[in-house]
Amino acid sequence: MQVRILSCILNPTPLLKVMLKFLLLLHTAAAIVCLGSMTHNLVIIVNYWQGKFRRVQLEKLYVKVSFIAFLCTYLLGGLGLYPAFRSRVRHLYFDQSLRWATGLFEIKENWGSLALAIFIVYYLLSRSIQPRVNHPLTKIYILLGVLLSIIIWYSAIVGFLLVSHKSV
Amino acid sequence: MNRKTAYHFSLFIGLIAFTIVYCTIKHLSIPLLRYYPTLNQWSMIKDPDIPSMGWYAQTLVSLCIGSVCGAIAYLIGSLRRLVSERALVIVGWMAVAAAGLMMLYLFQREWQGWIAS
Numbered sequence: 007m008q009v010r011i012l013s014c015i016l017n018p019t020p021l022l023k024v025m026l027k028f029l030l031l032l033h034t035a036a037a038i039v040c041l042g043s044m045t046h047n048l049v050i051i052v053n054y055w056q057g058k059f060r061r062v063q064l065e066k067l068y069v070k071v072s073f074i075a076f077l078c079t080y081l082l083g084g085l086g087l088y089p090a091f092r093s094r095v096r097h098l099y100f101d102q103s104l105r106w107a108t109g110l111f112e113i114k115e116n117w118g119s120l121a122l123a124i125f126i127v128y129y130l131l132s133r134s135i136q137p138r139v140n141h142p143l144t145k146i147y148i149l150l151g152v153l154l155s156i157i158i159w160y161s162a163i164v165g166f167l168l169v170s171h172k173s174v
Numbered sequence: 034m035n036r037k038t039a040y041h042f043s044l045f046i047g048l049i050a051f052t053i054v055y056c057t058i059k060h061l062s063i064p065l066l067r068y069y070p071t072l073n074q075w076s077m078i079k080d081p082d083i084p085s086m087g088w089y090a091q092t093l094v095s096l097c098i099g100s101v102c103g104a105i106a107y108l109i110g111s112l113r114r115l116v117s118e119r120a121l122v123i124v125g126w127m128a129v130a131a132a133g134l135m136m137l138y139l140f141q142r143e144w145q146g147w148i149a150s
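For the record, the sequence lines run as chains L and Z.
Position in the first sequence (from 1) plus 6 gives the number in this note's numbering.
Position in the second sequence (from 1) plus 33 gives the number in this note's numbering.
Okay, here's the thing in structure tokens:
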């Protein structure tokens, strides 16, 4: 493999630094929207488990908002920030002196991909089932929502924690 | 099996296939296309001295295989009455279990590799 280190990645220009910070800000904003709407969604679906089927349409709206916000967060993080993070933050800083931070990030990264697959299924289920008592898929739908909420909360907390140590 | 049941069946099969493929790639360290951000190059070769990212290909391959499995499950399910309502629920629970187990597996793997070591 031809080894030709791109100096702009390791030593970004001031303009690139500003763009990365802006992307990070957008990534954080989208993550907050996703976290908020998914948590509101969780509050409603927990009631489904107890047989209380109120605010069903609102719950479907929360799923739609959180799905769009999740896709924005995922794409901004995965395509926009990850290459710079991988080379400048993780490789030079976390891998050398904060291995636990790399571990937390790796869990976040892999859970994020799993969340993408779960979210696609969850969103399509939300559009096609009408939760009610004895609906065979209602409990499965609730559990998928709980798993998604765990991943989103974990990712948000770890994201804030890692940025507080070093960001792109 | 009506079309809606086949549709739900395909979603769960797709999710199960995704989790299996994603974990298998991770567990067996199957070589995939890697991106080298400091070089701005893609390569199948893993060079441990240079930071690289295999996550793109891993996610994309898992999503593609999951989608194909889901599509096949939909075609089979909508053409023939092979899957009952009860089987749909069982497959749904299996999908939840697969997702939960994958979370635990990935957590344990990264914990052992980076945090506990």
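Glycine included, C-beta positions come from ideal geometry on N, C-alpha and C.
In this text the structure is predicted, and so the values were computed from the model without any measurement.
By the three-class DSSP mapping on this structure, what secondary structure does residue i have?
i         : result
Gln-91/Z  : helix
Met-86/Z  : strand
Ser-76/Z  : strand
Arg-67/Z  : strand
Ala-26/Z  : Because chain Z spans 34 through 150 in this model, residue 26/Z falls outside it and cannot be assessed.
Ser-173/L : coil
Pro-180/L : Absent from the structure is residue 180/L, since the part of chain L shown begins at 7 and ends at 174.
Gly-57/L  : coil
Thr-19/L  : coil
Leu-131/L : helix
Ser-117/Z : coil
Pro-81/Z  : coil
Pro-89/L  : helix
Ser-62/Z  : coil
His-143/L : The residue you asked about is not His; residue 143/L is Leu in the sequence shown. In the structure shown, Leu-143/L sits in coil (DSSP, three-state: anything other than H, G, I, E or B).
At a Cβ threshold of 9 Å, is residue i touching chain L?
i         : result
Val-116/Z : no
Leu-65/Z  : no
Leu-48/Z  : yes
Val-101/Z : no
Leu-96/Z  : yes
Tyr-89/Z  : yes
I want to verify the contact list: residues of chain Z whose CB lies under 7 Å from the CB of residue i, in sequence order.
i         : result
His-97/L  : Pro-84
Ile-146/L : Gly-125, Trp-126, Val-129
For residue i, go through chain L and note every residue whose CB falls closer than 9 Å to its CB, in chain order.
i         : result
Ile-110/Z : The sequence shown places Gly at residue 110/Z, rather than the Ile named in the question. Correct list: empty, because the minimum Cβ distance to chain L is about 14 Å.
Gly-133/Z : Leu-149, Leu-153
Please list, in chain order, all residues of the same chain as residue i whose beta carbon is under 7 Å from its beta carbon, the five residues on each side excluded.
i         : result
Val-169/L : none
Glu-65/L  : Asn-47, Ile-50, Ile-51
Ala-107/L : Phe-100, Leu-168, His-171
Can you find a CB in chain Z that lies within less than 9 Å of the CB of residue i?
i         : result
Trp-55/L  : no
Ile-124/L : yes
Glu-115/L : yes
Ser-173/L : no
Ile-51/L  : no
Ala-90/L  : yes
Ile-163/L : no
Pick from the options: whose alpha carbon is nearest that of residue i?
i         : options                                   : result
Ala-121/L : Met-77/Z, Leu-48/Z, Trp-75/Z              : Leu-48/Z
Val-95/L  : Gly-87/Z, Val-94/Z, Ile-123/Z, Pro-70/Z   : Pro-70/Z
Ala-39/Z  : Lys-79/Z, Gly-125/Z, Glu-143/Z, Gln-74/Z  : Gly-125/Z
Thr-57/Z  : Phe-42/Z, Ser-150/Z, Ile-148/Z, Tyr-138/Z : Tyr-138/Z
Leu-72/Z  : Ala-130/Z, Asp-82/Z, Pro-64/Z             : Asp-82/Z
Ser-43/L  : Phe-73/L, Thr-34/L, Asn-17/L, Glu-112/L   : Phe-73/L
Arg-67/Z  : Trp-88/Z, Gly-110/Z, Gly-99/Z, Ala-50/Z   : Trp-88/Z
Val-71/L  : Ser-132/L, Ala-90/L, Pro-142/L, Lys-23/L  : Ser-132/L
Lys-37/Z  : Glu-115/L, Val-62/L, Tyr-128/L, Ile-135/L : Ile-135/L
Val-174/L : Leu-81/L, Ala-75/L, Ile-38/L, Pro-89/L    : Pro-89/L
Residue i versus chain L: which residues are under 8 Å apart at the beta carbon?
i         : result
Gly-146/Z : Gly-109, Glu-112
Thr-57/Z  : In chain order: nothing, as chain L lies at least about 13 Å away.
Return the chain-ordered list of same chain residues with a C-beta closer than 8 Å to the C-beta of residue i, the five sequence neighbours on each side being excluded.
i        : result
Gly-57/L : Val-139
Would you mind telling me which residues of chain L sit closer than 7 Å to residue i, beta carbon to beta carbon, in chain order?
i         : result
Leu-139/Z : Ile-113, Asn-116, Trp-117
Quick one: which chain Z residues come within Cβ less than 8 Å of residue i?
i         : result
Leu-131/L : His-41, Leu-44
Arg-105/L : Trp-147, Ile-148, Ser-150
Taking 6 Å as the limit between beta carbons, can you name the residues of its chain near residue i, skipping five residues before and five after?
i        : result
His-97/L : none
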